[in-house]
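Numbering (the working numbering), first residue to last: 59 to 206.
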């Protein structure tokens, strides 16, 4: 049989913490006429924390509430603007209708004048009545053949 094996020595490695120096904060110039107050606080476990006291933030005063809601004023102004636009659109449509009627009357007038001028040219008695006038002298017609 085989002899039992002996345990070998175990090496234990303990991690070493890496110490890194934190970057130094830039120096803030302190105004010479005021020196901030330093406050110290004792924590329950006995540690003492010392630092500059921070002035409490003061809230801005609440503005007085206006007598009318902004939404109500905006709705009212929108209604006034809508009425103005509707009035303008009504005037615009009236103008377009009047302009259309005027152009129609101009076209009708031009057609009447031009048609009258053509009628006068057609039905006037002055001048010849149109067509070709041929004076035939000593013409002889034989068997539907013209010899001139």
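Beta carbons are placed, not taken as given, at the ideal position from N, Cα and C, and that holds for glycine.
Considering only residues of the region 93-153, which uninterrupted alpha helix (DSSP H) runs meet the minimum length of 4 residues and lie entirely inside it, listed in chain order?
none
Please return the same chain residues whose Cβ sits closer than 7 Å to the Cβ of residue 102, not counting the five positions on each side in sequence.
none
So, at 7 Å on beta carbons, what are the nonlocal neighbours of residue 175 in its own chain, with the 5 sequence-adjacent residues on each side left out?
none
Three-state class that DSSP yields for residue 161 in the structure shown:
helix
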